[in-house]
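S.K.:
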Amino acid sequence: MKARKVSLSTGELTYYVAGEGRPLLYLHPAGGVRWTRVLEGLAKSFALHVPVVPGFDGTSAHDAVKSMRGLASLVGEFVEKVMAGPCDVIGCSFGGYLAAWLAAEHPKLVDHLVLECPAGFRPKGKGERPADAGALRKLLFLHPEKLPPQSKPLEQEVANRKMLPHYGTTLDTDEELLARLPSIDKLTLILHGTADRMIPKESVQLLKGRLPRSYLVYVWDAAHAIEVDQPERMLSLVESFLQRSEGFMVNWGTLALDAG
77 MKARKVSLST GELTYYVAGE GRPLLYLHPA GGVRWTRVLE GLAKSFALHV
127 PVVPGFDGTS AHDAVKSMRG LASLVGEFVE KVMAGPCDVI GCSFGGYLAA
177 WLAAEHPKLV DHLVLECPAG FRPKGKGERP ADAGALRKLL FLHPEKLPPQ
227 SKPLEQEVAN RKMLPHYGTT LDTDEELLAR LPSIDKLTLI LHGTADRMIP
277 KESVQLLKGR LPRSYLVYVW DAAHAIEVDQ PERMLSLVES FLQRSEGFMV
327 NWGTLALDAG
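The opening residue of the sequence shown carries number 77 in our numbering; numbering runs sequentially from there.
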């Protein structure tokens with residue numbers, strides 16, 4: 077990935093680019109950018125753009141951006157200025173929450189939508205919350221041995237998560253966004269790991285019921301970080317979805333547990 081910077085209306089934004097082809101936006105989780113085998117694979121077929129949310133991974137926060145709606149507008153500005161228009165969007169966890177806000181606020185900028193274990197729709201009292209780096213590791217990965225060797229320390233991921241209050245979120249259910257989900261008409265793939273203890277199944281089932289054009293796929297033998305636990309399965313699912321659109325068909329027996 078090549079690191080670049082762009083000046084936007086509220087400040088400077090760091091982002092990464094890799095690959096060529098159809099434009100694809102990836103919105104990172106609360107732990108910050110994690111360069112996985114899934115992103116590496118997607119960069120072979122798409123022009124992958126990965127913006128760093130201001131305040132994460134050592135970047136400076138933008139004082140004028142203090143809400144998820146404001147952050148979605150910033151991402152929309154990035155898409156228009158850097159990617160020159162509509163694109164497919166993948167969001168992981170916190171990034172999935174942001175991707176849903178982007179689709180609600182700026183529908184003309186979004187083509188296909190992939191929500192990987194999306195936060196922001198967790199019923200109160202549901203889902204485990206990590207207290208430290210050790211707890212985070214256990215919740216994120218079922219197979220930590222698959223982590224890329226260049227991965228950032230989990231302590232840095234914990235530090236990144238401290239930026240969440242800046243954007244006014246606890247990652248629990250966002251009632252305002254929840255009410256707007258039926259208006260999102262983008263073809264959407266929702267992914268959930270069968271061993272995910274951070275995002276409960278009620279969250280993704282709620283999304284499936286509210287998003288009118290959505291698939292829900294449970295990925296077997298994966299915790300919260302599906303990209304790390306099952307990179308080949310996730311890459312196959314996402315590529316098939318993005319390339320085949322309405323004709324999205326997968327051999328569920330080898331790639332996933334179930335779909336709805």
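Beta carbons: idealized from backbone N, C-alpha and C, even for Gly.
1. Rounding to the nearest angstrom, what Cα-Cα distance links R80 and R320 in this structure?
2. Does the Cβ of R237 have 16 or more other Cβ atoms within 10 Å, making it buried, or fewer, making it exposed?
3. Specify whether the region 204-216 and the region 131-143 touch according to this definition: at least 3 beta carbon pairs, one from each stretch, less than 8 Å apart.
4. Would you kindly work out how many angstroms separate the C-alpha atoms of T270 and A94, rounded to a whole number?
5. In the DSSP assignment, the beta strand (DSSP E) including L124 goes from what residue to what residue?
6. I'd like to know whether the C-beta atoms of L240 and L247 end up nearer to each other than 8 Å.
7. With a CB to CB cut of under 6 Å and the five nearest residues on each side skipped, what residues in its chain are close to D164?
8. I believe G108 touches K228 by the beta-carbon criterion, under 8 Å. Please report the beta-carbon distance rounded to the nearest angstrom.
9. Which residue or residues does DSSP assign as beta-bridge partners of E88?
10. Taking the alpha carbon of E221 as the point to measure from, which residue in P127, S316 and P307 has its own alpha carbon closest?
11. Is there contact here, the region 115-127 with the region 173-184, by at least three beta-carbon pairs under 8 Å?
12. Below 8 Å CB to CB, which residues in the same chain sit around Q281 once its five sequence neighbours on both sides are set aside?
13. Please tell me whether M144 and G285 are closer than 8 Å, where the distance is taken between their beta carbons.
14. If you drop the 5 nearest sequence neighbours on each side, which residues of the same chain put their C-beta closer than 8 Å to that of E153?
15. Taking just the CA atoms, how far does C193 sit from T249?
16. Check for me: the beta strand (DSSP E) holding L337 runs from which residue to which?
17. Check whether the Cβ atoms of V129 and H104 sit closer than 8 Å, and answer yes or no.
18. Among residues of its own chain, excluding the 5 on either side of L311, which ones have a beta-carbon nearer than 6 Å to its beta-carbon?
19. Helix, strand or coil: which one does DSSP assign to E204?
20. Name the DSSP bridge partner or partners of D248?
21. Between which two residues does the alpha helix (DSSP H) holding G323 run?
M.R.: Looking at the coordinates:
1. Between the alpha carbons of R80 and R320 lies a gap of roughly 31 Å.
2. Under this definition R237 is a buried residue.
3. Two segments are said to touch when three or more pairs of C-beta atoms, one from each, lie closer than 8 Å; by this definition the region 204-216 does not touch the region 131-143.
4. T270 and A94: Cα-Cα distance of roughly 30 Å.
5. It spans F122 to P127 - the beta strand (DSSP E) in which L124 sits, taken as one unbroken run.
6. Yes, the Cβ-Cβ distance between L240 and L247 is below 8 Å.
7. Cβ contact annotation for D164 (same chain, cutoff 6 Å, sequence separation greater than five): L100, D187, H188 and L318, in chain order.
8. The pair is a contact, with the Cβ atoms about 7 Å apart (cut-off 8 Å).
9. The partner list for E88 (beta bridge, DSSP) reads S83.
10. Selected option, being the one with the closest Cα: P307.
11. As far as the Cβ criterion goes, the region 115-127 does not touch the region 173-184, which means the pair count is below three.
12. Within the same chain, Q281 has close Cβ partners L292.
13. In this structure, G285 does not lie closer than 8 Å to M144 by Cβ.
14. Hits under 8 Å: L84 and S85.
15. Whole-angstrom Cα-Cα distance: 14 Å.
16. The first residue shown for the chain is 77 and the last is 336, placing residue 337 beyond what the model contains.
17. Contact: yes.
18. Only V114 and G117 meet the Cβ criterion.
19. The answer is coil: DSSP assigns E204 none of H, G, I, E or B.
20. Paired residue(s): R198.
21. Where G323 is concerned, there is no enclosing alpha helix (DSSP H), given that its DSSP letter is neither H nor E.
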